[in-house]
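Novice: This is the structure, below, for whatever I ask next.
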Amino acid sequence: MGTRAGSRLTQIVKKHEAAIVAEWIKEQLAAVKAADRISEADLREDCERFLSLFNAALQSGAGEDIAAAPWTETRDMLSGLSRARAKAGYKPAETAVFVLALKLPLFDRLRSEIGGDAQGLADEVWATTVVLDRLALFTTEVYQTGREEVILRQQQEMLELSTPVVQVWDNILALPLIGTLDSARTQVVMENLLQRIVETGAAIAIIDITGVPTVDTLVAQHLLKTVAAARLMGADCIISGIRPQIAQTIVHLGVELSTVVTKATLADAFIIALQKTGAAIGRSPKA
Amino acid sequence: MERIPILKMNEFLLVSIQVDMHDRLAMTLQDDLTDRIVRDRARGVLIDISSLEIVDSFIGRMIGNIAAMSRVLDAETVVVGMRPAVAITLVELGLSLPGVRTSLNVDKGMELLRASLRGSNGDGHRDARR
Chain A
1 MGTRAGSRLT QIVKKHEAAI VAEWIKEQLA AVKAADRISE ADLREDCERF LSLFNAALQS
61 GAGEDIAAAP WTETRDMLSG LSRARAKAGY KPAETAVFVL ALKLPLFDRL RSEIGGDAQG
121 LADEVWATTV VLDRLALFTT EVYQTGREEV ILRQQQEMLE LSTPVVQVWD NILALPLIGT
181 LDSARTQVVM ENLLQRIVET GAAIAIIDIT GVPTVDTLVA QHLLKTVAAA RLMGADCIIS
241 GIRPQIAQTI VHLGVELSTV VTKATLADAF IIALQKTGAA IGRSPKA
Chain B
1001 MERIPILKMN EFLLVSIQVD MHDRLAMTLQ DDLTDRIVRD RARGVLIDIS SLEIVDSFIG
1061 RMIGNIAAMS RVLDAETVVV GMRPAVAITL VELGLSLPGV RTSLNVDKGM ELLRASLRGS
1121 NGDGHRDARR
């Protein structure tokens, strides 16, 4: 059945192409809620292109195996469409409907053309369904990967964005941490900090945790690891920006921070750092 | 047999580890260094590990041990030039070398050694010994 499938379908599609496209578009617009986002002209172009590629693939006798070579162009076209829709914020169902909505007009045509031959009609309908379902699943798959890529990229950007290491004075670095510290972020923070210590030859690093919403034992452990690594490189660390609630949590959790210099504010930490590096800041007499 | 050279500079000993350490080499260094500290009556040891790229728990522990032994022999020890990757590895291995003094580079390490010697020998008996 595989090779025969679509033999009649291709003829029917050729014969009624315009009508099928019109009905198909109507189906799609009805199924997609945010129909105003789709321009009908673009959709028509996509549909016509898909239908011609679909027909060409069917004609080549590739049958239902959409991984086969004759389907390559159709697959490329669909994956382009899915990716574009994933980026534009379509839902997965709204993406798959592009293919699935084709079923109704196709079945209608099949019925009107070969309705007399029940056996033949069932065969054709089944073959068409199989192919279209596979193509629809394919769009969903591509849509999913597109979405995952977006998420991955965002995660990467967040990691890079959220861990700046700032040189505030000769030999003094500041590392304002914002957001929750998990293992992956700690790793990035640690690497950035150590790299900057090497580059700038800094003797003191101030880790400011004002922007860290919660400190649990794991976060504290990560902080201590960072401090220990910096110390191994020969730089002292000061932890600043400890809010009252955080101080309470740390003590309640029994986290041992006594090996590290801690200060309530970044300003206090900065003064200590200046003293340690032998620098001083004062007001000019005029002020 | 390959050995890590130990250089004497005034009352300091300088050790620069330029090859990847293996266990045997670390043991040899430990023997040689303790010998030399006693023989040269060294007051400070500077270990430069800026070329060391790979550490395991054994080498990490050896570095800590060597520093501790030098301290027992009354020589201030400072480990300088640890690479970021090595520092991260040691911390992940749970070896944060609590007793070891560290510095970013040789310059700062020497400064640290001199400062700590000045601190411990304010009475000038250092000059008499030399």
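Chains A and B, in that order, are what the protein sequence lines are.
Under the working numbering, read the first sequence as residues 1 to 287, first letter to last.
Under the working numbering, read the second sequence as residues 1001 to 1130, first letter to last.
Think of the CB as a built atom: it goes at the ideal place given N, C-alpha and C, for glycine as much as any other residue.
Sort THR186(A), PHE107(A), ALA280(A), LEU181(A) by Cα distance to LEU121(A) and report the nearest one.
Specialist: Residue mapping note: residue 121(A) aligns to position 121 of the first sequence, counting from 1. Comparing Cα-Cα distances from LEU121(A) to each of THR186(A), PHE107(A), ALA280(A), LEU181(A), the minimum goes to PHE107(A).
Novice: Measure the alpha-carbon distance for GLY234(A) versus ARG153(A) and round it to whole angstroms.
Specialist: Locating residue 234(A) in the first sequence gives position 234, where the first residue counts as 1. Locating residue 153(A) in the first sequence gives position 153, where the first residue counts as 1. Taking the straight line from one Cα to the other gives about 34 Å.
Novice: Taking beta-carbon pairs under 7 Å, can you tell me which members of the stretch 215-232 of chain A lie near chain B?
Specialist: The stretch 215-232 of chain A vs chain B, Cβ under 7 Å: LYS225, ALA228, ALA229, ARG231, LEU232.
Novice: If you compare alpha carbons, which of THR217(A), LEU43(A), LEU266(A) is closest to HIS252(A)?
Specialist: For the purposes of this step, residue 252(A) is identified with residue 252 of the first sequence, where counting begins at 1. Per the Cα distances, THR217(A).
Novice: Exposed or buried, which one is ASP1074(B) when buried takes at least 16 other CB atoms within 10 Å?
Specialist: Here residue 1074(B) refers to the residue found at position 74 when the second sequence is read from its first residue. ASP1074(B) comes out exposed.
Novice: Give the interface partners of ILE172(A) over in chain B, defined as CB-CB distance under 7 Å, in chain order.
Specialist: As a first step, residue 172(A) is located in the first sequence; it is residue number 172 there, counting from the start. Chain B residues near ILE172(A): none, gap ~13 Å exceeds 7 Å.
Novice: Flag GLU256(A) as yes if its beta-carbon sits less than 8 Å from any beta-carbon of chain B, otherwise no.
Specialist: Numbered from 1 along the first sequence, position 256 holds the residue referred to as residue 256(A). Not one chain B Cβ lies under 8 Å of GLU256(A).
Novice: Bridge partners for TRP24(A) per DSSP, in chain order?
Specialist: Residue 24(A) sits at position 24 when you count from the first residue of the first sequence. Partner(s): none; TRP24(A) has no beta bridge.
Novice: Spatial neighbours of ASP208(A) within its chain, please: CB distance less than 6 Å, with the 5 preceding and 5 following residues excluded, ordered by chain position.
Specialist: Here residue 208(A) corresponds to residue number 208 of the first sequence, with the count starting at 1. Answer for ASP208(A): PRO176, SER240, GLY241, LEU266, listed in chain order.
Novice: Using alpha carbons as the reference points, say which of LYS87(A), ARG49(A), TYR90(A) lies closest to ARG75(A).
Specialist: One-based indexing of the first sequence puts residue 75(A) at position 75. The shortest Cα separation from ARG75(A) among LYS87(A), ARG49(A), TYR90(A) belongs to ARG49(A).
Novice: Please report how far the alpha carbon of ALA280(A) lies from the alpha carbon of ILE206(A), in whole angstroms.
Specialist: Counting from one through the first sequence, the residue named residue 280(A) turns up at place 280. Counting from one through the first sequence, the residue named residue 206(A) turns up at place 206. The alpha-carbon atoms of ALA280(A) and ILE206(A) are separated by roughly 17 Å.
Novice: Looking only at its chain, what residues have a beta carbon closer than 8 Å to the beta carbon of THR277(A), apart from the 5 residues adjacent to it on each side?
Specialist: Within the first sequence, residue 277(A) is the residue found at index 277, counting from 1. Once the five neighbours on either side are set aside, the close Cβ partners of THR277(A) are TRP169, ASP170, ASN171, ILE172, ALA203, ILE204.
Novice: So, with DSSP's three-state summary, where would you put LYS1008(B)?
Specialist: Within the second sequence, residue 1008(B) is the residue found at index 8, counting from 1. If DSSP states are grouped into helix, strand and coil, LYS1008(B) belongs with the strands.
Novice: Helix, strand or coil for THR72(A) per DSSP?
Specialist: By 1-based counting over the first sequence, the position of residue 72(A) is 72. If DSSP states are grouped into helix, strand and coil, THR72(A) belongs with the helices.
Novice: Going along chain B in order, which residues have a C-beta closer than 8 Å to the C-beta of ALA235(A)?
Specialist: The residue given as residue 235(A) occupies position 235 in the first sequence. Those within 8 Å of ALA235(A) in chain B are LEU1104.
Novice: In its own chain, which residues sit with a C-beta less than 6 Å from the C-beta of GLN144(A), not counting the 5 before and 5 after it?
Specialist: The count along the first sequence starts at 1 and reaches residue 144(A) at position 144. Closer than 6 Å at the Cβ level, and outside the excluded window around GLN144(A), lies no residue.
Novice: Could you compute how far the alpha carbon of ILE25(A) sits from the alpha carbon of ALA127(A)?
Specialist: As a first step, residue 25(A) is located in the first sequence; it is residue number 25 there, counting from the start. As a first step, residue 127(A) is located in the first sequence; it is residue number 127 there, counting from the start. Rounded to whole angstroms, ILE25(A) to ALA127(A) spans 22 Å at the Cα level.
Novice: Ignoring anything shorter than 4 residues or poking outside the stretch 1058-1098 of chain B, list the alpha helix (DSSP H) runs there in chain order.
Specialist: Here the runs fully enclosed are 1084-1092.
Novice: Say whether chain B places a C-beta atom closer than 8 Å to the C-beta of LEU177(A).
Specialist: The sequence position of residue 177(A) within the first sequence is 177, counting from 1. Cβ-Cβ to chain B under 8 Å: no for LEU177(A).
Novice: What residue range is occupied by the uninterrupted alpha helix (DSSP H) comprising SER52(A)?
Specialist: Translated into the one-based positions of the first sequence, residue 52(A) becomes position 52. Start and end: 40-59.
Novice: Put ILE12(A) into one of helix, strand or coil per three-state DSSP.
Specialist: Indexing the first sequence from 1 puts residue 12(A) at position 12. In this structure, ILE12(A) counts as helix in the three-state DSSP scheme.
Novice: Could you give the DSSP three-state label for ALA30(A): helix, strand or coil?
Specialist: As a first step, residue 30(A) must be located in the first sequence, where it is residue number 30. Note: ALA30(A) maps to helix in three-state DSSP.
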